[in-house]
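Chains as they are written, first to last, in my numbering: chain U, 16 to 269; chain S, 29 to 338.
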Amino acid sequence: MMDVSLTGVLLFWQRNLLIFRKIFLTALPENFLEPILYLVALGLGLGGFVREVQGIPYVAFVATGLAASAAMFGATFECTYNAYVQFAYDRSYDAIVTTPLSAEDVAVGEVLWGATRSALYGSAFLLVAALFGVVRSWWALALPFVFFTSGILFSATALTFTALTPSIDLFTYYFSLWITPMFLFSGIFFPLDAFPAWVRDVAWCTPLYHVVRATRAFAFGNPAAALRELLWIGLLAFALLPIPAILLRRRLVH
Amino acid sequence: MSVTVVEARDLTKRFGAITAVDRISFDVHAGECFGFLGPNGAGKTTTMKMIYCVARPTSGVLRVFGMDVRSHPRAIKRHLGVVHQATTLDEALTVRENLLVYARYYGLGWREARERADALLAFVELSGRADERIPNLSGGMQRRLMIARALVANPRLLILDEPTTGLDPQARHAVWDRLRQLKRAGVTQILTTHYMEEAEQLCDRVAIMDGGRIVAEGPPQALVERYVGREVVELQVAQDGASARVVAEEIRALAEAYEWDGGRVLLHTHDGERLVHQVRSLGLPVKAVVLRRATLEDVFLHLTGRRLRE
């Protein structure tokens, strides 16, 4: 039933790259400058009071967490607002499915593009954060791959919502009930130790928690722990990938 | 014997309880321009969508280039060019980039794509606008670019859904001119339109659809002669009940077919002058008598009625 072609997926990905090269300056503040502001305000401001967390300088603790969330936001904005505008307003997906590309090629290509943005934004943030001395290990070089994998996961969930939502106005629910809670309760700004155990159990079930842990583990040279988290992320990403493809086909092909 | 590009037999498409296309059969031959006419909701666009593999038939046979649309969508789409009714261009890209990206979808390399894009921009007279963004183009330019984009992979079949709706007369004639050139070059075309003049200008054959069925099919002129005769005599009747009754009684004997349209009676005939003469000699209570050539629009309204469609 699924009709995916690797060539089709890559051609769609290439199209998005071409568009991105023209618009990335407008996407920069939201996805890149914002996490830098958080880093400066919390890492340096709050870091003046809280020197160390779990044996790590606070600024390094926050920076690694924020890199994971910058990656998440890159993928999420791509596969919510960006994808929805092209799908519902520009109607460019309607045109593309009349070419040799299939609806599944569009969906998978869009998810892989979201993952690419995730890797770009997470890595770019990490490069800036490296100036604060937060990267302590060569294992950090594995992080673009972590962000790409987690990007598949966040893109797939975002595109699933995009394929289901009847209106662009409902994306506020996706952000307020899913993205923002993850941003606050995944151990980016503080460890979850102070909460009751069930809060940690719920957090464990959400993806960003694991991306944050994987990022820290690689950045501070603990590859074994990082790979465990990466496995969790990768398996879920792989499992979720077909869902937006099936749903987008239903919206584009009747 | 001409080659059949599209072959439909008892083609049906249902959406839940609604039957959008109801057991229609038709053939489109290589090199011809075939038009679907019909009121809104007649099933034209759904039929086109099934041909370009974006709607799946519920039952019946639909083959394009001899291939089943259910099992070979990619192979069929490789040789199609589709122009949607709405603008579906990539807004963030320039005019030329829109063509380049599309050429890549059909498997063209970058160099080939650039050559093709430049040739097509010249064809639709947009060479000077190559680096412009889409929102800066007029409606007519956007439509021409849509046509250029559909031609990027040298399609064997060009499908156009209302190609000139919303365009001013100059832009419409520019589009017609391109479509005629393509027809001369041997590109098979299928289009839908609400403009009967457009169908008469462009189409070798038309199918008139209503309620999901094809109610008439043939060359425009043949349909005119078959359904409404060669000429139409319009009688403008005074707006009082008595005149209308007198006219209604007399005309029954006069013409092969007639219909009321508000204060007018349209008489369909093969010999207009004789009919005008008869009307005059009978001394009917009419304000004016007009003789004109019958058109596809008369056929269309005759077959699909004058009731408004939503």
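Glycine included, every Cβ here is placed at the ideal spot set by N, Cα and C.
These numbers come from a predicted model, not from an experiment.
Proximal residues to residue i (C-beta, below 8 Å), its chain only, five neighbours per side dropped
i	result
Asn126/S	Leu117, Asp118, Ile162, Leu173 and Arg177
Pro238/U	Trp154, Ala157 and Ala232
Arg66/U	Pro72 and Tyr73
Cβ of residue i within 7 Å of any chain S Cβ
i	result
His225/U	no
Val121/U	no
Leu262/U	no
Arg106/U	yes
Leu26/U	yes
Val19/U	no
Asp184/U	no
Pro115/U	yes
Gly150/U	Checking the displayed sequence, the identity of residue 150/U turns out to be Val instead of Gly. So, not an interface residue.
Asp109/U	yes
Arg265/U	no
Opposing strand residues paired with residue i [DSSP bridges]
i	result
Leu294/S	Glu262/S and Glu287/S
Ser87/S	Thr40/S
Thr131/U	In DSSP, Thr131/U forms no bridge with anything.
Asp105/U	Answer is none; Asp105/U lacks a bridge partner.
Leu219/S	Gly63/S and Leu188/S
Leu108/S	Leu185/S
Ile236/S	Leu65/S and Ala244/S
Thr32/S	His57/S
Cβ neighbours of residue i in the same chain (closer than 7 Å, five flanking residues each side left out)
i	result
Leu116/U	Gly23, Leu26 and Phe27
Thr297/S	Gly257, Glu259, Val261, Ala283, Glu284 and Leu303
Chain U contact for residue i (CB, 7 Å cutoff)
i	result
Lys72/S	no
Ala83/S	yes
Val110/S	yes
Ala120/S	yes
Arg132/S	yes
Ala9/S	Nothing in the structure corresponds to residue 9/S, since chain S is present only between 29 and 338.
Arg106/S	yes
Ala114/S	yes
Val92/S	no
Arg320/S	no
Val129/S	yes
Beta-carbon gap between residue i and residue j smaller than 7 Å
i	j	result
Thr86/S	Arg37/S	no
Val265/S	Val314/S	yes
Arg184/S	His112/S	no
Phe169/U	Ala75/U	no
Leu310/S	Glu278/S	yes
Phe147/U	Ala82/U	no
Gly71/S	Gly240/S	yes
Reduced DSSP category for residue i - H, G, I as helix; E, B as strand; rest coil
i	result
Val49/S	strand
Ala316/S	strand
Phe64/S	strand
His57/S	strand
Thr193/S	coil
Pro72/U	strand
Gly60/U	helix
Ile167/U	helix
Met224/S	helix
Asp38/S	strand
Glu153/S	coil
Glu245/S	strand
Asp326/S	helix
Arg321/S	strand
Arg161/S	strand
Glu67/U	strand
Own chain residues within Cβ distance below 6 Å of residue i, not counting five before or after
i	result
Leu319/S	Val261, Gly300 and Val304
Val268/U	Ala118
Arg91/S	Glu35
Phe198/U	Ser84
Contact test: residue i Cβ vs the ligand PLP heavy atom, cutoff 6 Å
i	result
Val150/U	Absence of the ligand PLP is noted for the structure shown, with no ligands found whatsoever.
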